[in-house]
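Asker: Sequence lines, in order, name chains A and B. Here the first sequence stands for residues 39 to 265, where the numbers follow the numbering used here. Here the second sequence stands for residues 1403 to 1797, where the numbers follow the numbering used here. Sharing a structure with you now.
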Amino acid sequence: MIACEKVRFSYPAEAFQLSFDAFSVEKGEAVALIGPSGCGKTTLMNLISGILTPGGGRVTVNGKVVSELAVAARQRFRLGTIGLVPQSFELLDYLTIRENILVPFRVSSQLRLTDEIVARCDDLATRAGIAAHLEKFPRQLSQGERQRAALCRGLVTSPPLLLADEPTGNLDPENQDKIVSLLLGEAARIGSSVLMITHDPLLLPRFARVVDVMELRDTLRNEGGAE
Amino acid sequence: MNGSGVLFLGLRYLQRNRVKTLLLVAAFTLVWLLPAGIGLIVAKVEAQLRARAEGTPLLLGQAGSPLELVFNGLYFTKPQVATLPLREVDAVAETGFAEVIPIYARYSAGGYRIVGTSLDYFDFRRLGVKEGRQLLRLGECVVGAEVAENNGLKPGDAVISTPETLFDLAGVYPLKMTVVGVLAPTASPDDEAIFVDLKTAWIIEGLGHGHEDADKLGDEQKIAPAAPGDSVVRLNASVVEYNEITPGNSDGFHFHGDTADYPVTAAIVIPSDARDRALIKGRFTKAGGLQLISPAAEMDELFATVFSVQRFVLGLLLAIGIATLAIGALVFLLSYRLREEEFRHLRHLGADLATLRALVAFEAGFVILASLLASGVGLALIHFLAPQLIREMMG
């Protein structure tokens, strides 16, 4: 599902660099990304999703070389292939929870909003325990409920790949468990691969594989690479 | 770009920020509407006033404000304009240089002006009777189209003049007049007037009156002669005065004194050619406390002043408009800054640049379009309400 080769990335005018030799995630695999703050976990996720493009190397997702796509094509690819679940929810405050979950269908010209999609949205919300809040606005919901809404939005397109950036970072243990269960359960149900950033060691046993980004960067360093 | 998605998101954003949106639309509407509305009103006033003024060659009146004379003689407003005696009107007619039509527009009935005039007025203004017939006798009236429509009047109905002084026993008493005709509409002040014979107007004023025949009255209704040998019969207050002129009592109406001394507020003077016009103007301009004016020239003067004021006002509005647009642009800019995070979220989800640009433009586009639409509605309202506004403005 994900194949990164000899990736080099740096932010303009910043000392930070992320370089590694190889990283991959198999189809249907659930992988946890760990590492200290600032080590490049989110940068790696943004390179995989096409939000950022590497200075060197190749990032291939679902058979497409994302790093070589033009901006518009990357946007289209992300909408159709990747479900994003950010830590900060990224819900639009002027839309109801149902409208927020369905927002990928509003900004995409390739995704069609149908009755089946709306039914899927309601079904996801029911399983996430937020069905009663579908007509409410984000500010009327708790942190955990908003995170579940963001997760439903990531899942609603049934994407082959789910990228979750610390979706449980601000949640209590009960809500953390709910979110991870929903994320992994739904991904398994639709056969999606999952890549999730987390700092919580208690969640790691629930993933098939754990990748430490610091170790990932060391692979290149050990081979005499950029770092 | 997903057009319907942009529309959905844009409208939802505006809906959730409706107070801000309404304020912006209102501010922009005023920017467009105020100068356009003022221009439209001035154009309508000018068109209406000029058409009537240019159709009236000269106007004779007592010396005073020429504009008040124009407004009274042409638009039947300013009822308190100084009067001139009928003999002055006759004097102009006797020169042979012009046809003269007296106007006595002082009293009213139900808010509509009663205009005392001669039958020549109807020919001069090309006023046709749509229903009924023309004036024939004292106490009859023909009403303008709007008067008839607004009050459901038809031939055979009656209108009663409005008494001017409720507690003044010597004041103007109401006179019941029979409607004998309804004029065809002309979209002019004639539509809102009640036309009567000049003598009927004088009766409303109390200069003429009707009562029981003195010869048939008993002595108890007569006052003793003022002096021995006095042949004038004086009647006391027990004599019944008529407040309606009917075929049966019309002979009982009469005027005391010389009607040549009776007042008119204006007279339309129609010279047969330019030479006669020049001669008559030379003879009567500012002669004997009178004024003979050209309504069109008065309108030129009036609108020269109006336009200079309008230019000044439009200049001020331009400055206010530029300031409002600048503030509006600032609001849009700040709105964009506030929404940067939202646009970043959408970009992360996969929204393309065209979609994001369309979302940014939607708010400004909606406000501008909605304000233009509201301005259009405002201008249409001004267009339809202009006649009423003009009437109110002219008093």
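The beta-carbon is built from N, C-alpha and C at its ideal position, and this holds for glycine as well.
Any residues in the segment 137-152 of chain A with a beta carbon nearer than 8 angstroms to a beta carbon of chain B? Which ones, in chain order?
Answerer: Glu137, Val141, Pro142, Phe143, Arg144, Val145, Ser146 and Ser147
Asker: Measuring only from the beta carbon, is Arg112 (chain A) closer than 6 angstroms to any heavy atom that is part of the ligand ZN?
Answerer: Ligands in the displayed structure: none, and consequently the ligand ZN is not present.
Asker: Go through its chain and collect everything with a Cβ distance to Thr1726 (chain B)'s Cβ below 8 angstroms, but skip five positions before and after it.
Answerer: These residues qualify, in order along the chain: Ala1429, Phe1430, Leu1432 and Val1433.
Asker: Going by alpha carbons, who is nearest to Ala1676 (chain B) out of B:Lys1422, B:Leu1486, B:Leu1425 and B:Phe1499?
Answerer: With distances taken between Cα atoms, Ala1676 (chain B) lies closest to B:Phe1499.
Asker: Can you look up Arg247 (chain A) in the DSSP assignment and give me helix, strand or coil?
Answerer: strand
Asker: Rounding to the nearest angstrom, what Cα-Cα distance links Ser1773 (chain B) and Asn1404 (chain B) in this structure?
Answerer: In a straight line, the C-alpha of Ser1773 (chain B) is about 26 angstroms away from that of Asn1404 (chain B).
Asker: Counting beta carbon pairs with one atom in the segment 1699-1712 of chain B and one in the segment 1444-1460 of chain B, are three or more of them shorter than 8 angstroms?
Answerer: yes
Asker: Secondary structure at Glu253 (chain A), three-state DSSP: helix, strand or coil?
Answerer: Residue state, collapsed to three classes: helix.
Asker: Rank B:Phe1686, B:Leu1609 and B:Gly1530 by C-alpha distance to the C-alpha of Thr1497 (chain B) and give the top, closest one.
Answerer: B:Phe1686
Asker: Report the three-state DSSP secondary structure of Leu117 (chain A) (helix, strand or coil).
Answerer: helix
Asker: Starting from Leu1460 (chain B), trace the beta strand (DSSP E) in both directions and tell me its first and last residue.
Answerer: Leu1460 to Gln1464
Asker: Given a cut-off of 7 angstroms, decide if Asn208 (chain A) and Gln178 (chain A) are closer than it, judged by their beta-carbon atoms.
Answerer: no
Asker: Which word fits Val141 (chain A), buried or exposed, when buried means at least 16 other C-beta atoms lie within 10 angstroms of its C-beta?
Answerer: When all chains shown are included, Val141 (chain A) counts as buried.
Asker: State whether the segment 199-219 of chain A contacts the segment 169-177 of chain A, with contact taken as three or more CB pairs (one from each stretch) at a distance under 8 angstroms.
Answerer: no
Asker: Taking the alpha-carbon positions, what's the His1656 (chain B) to Ser1510 (chain B) distance?
Answerer: Cα to Cα, the separation comes out at about 22 angstroms.
Asker: Exposed or buried, Val1779 (chain B), counting other C-beta atoms within 10 Å across all chains shown (16 or more means buried)?
Answerer: With a threshold of 16 other beta carbon atoms within 10 Å, Val1779 (chain B) falls short and is exposed.
Asker: Which whole runs of the alpha helix (DSSP H) in the segment 1519-1543 of chain B are 4 residues long or more, in chain order?
Answerer: 1522-1526
Asker: Given a threshold of 16 other Cβ atoms within 10 Å of its Cβ, counted over all protein chains shown, does Phe1714 (chain B) qualify as buried or as exposed?
Answerer: exposed
Asker: If I measure Cβ to Cβ from Leu1787 (chain B) and keep anything under 8 angstroms in the same chain, skipping five residues before and after, which residues do I get?
Answerer: none
Asker: Measure the C-alpha to C-alpha separation of Gln1712 (chain B) and Leu1720 (chain B) and round it to an integer number of angstroms.
Answerer: In a straight line, the C-alpha of Gln1712 (chain B) is about 12 angstroms away from that of Leu1720 (chain B).
Asker: Compute the distance between the beta-carbons of Val1769 (chain B) and Val1427 (chain B), then report whether it is under 7 angstroms.
Answerer: yes
Asker: Use the C-beta contact count for Val109 (chain A): other C-beta atoms within 10 angstroms, 16 or more gives buried, fewer gives exposed.
Answerer: exposed
Asker: What residues in its chain sit with their C-beta under 7 angstroms from that of Tyr49 (chain A), if we drop five residues either side in the sequence?
Answerer: Here the set comprises nothing.
Asker: Give the DSSP-derived three-state secondary structure of Pro1437 (chain B) in the structure shown.
Answerer: Annotated three-state conformation of Pro1437 (chain B) is helix, per DSSP.
Asker: Please confirm if Tyr49 (chain A) has its CB atom under 7 angstroms from at least one CB of chain B.
Answerer: no
Asker: Taking only beta-carbon atoms, is Asn1552 (chain B) less than 7 angstroms away from chain A?
Answerer: no
Asker: Examine chain B for any beta-carbon lying closer than 7 angstroms to the beta-carbon of Leu179 (chain A), and answer yes or no.
Answerer: no
Asker: Would you please verify whether the beta carbon of Arg184 (chain A) is less than 7 angstroms from any beta carbon of chain B?
Answerer: no
Asker: Below 8 angstroms, can you find three or more Cβ-Cβ pairs linking the segment 1658-1677 of chain B to the segment 1418-1426 of chain B?
Answerer: no
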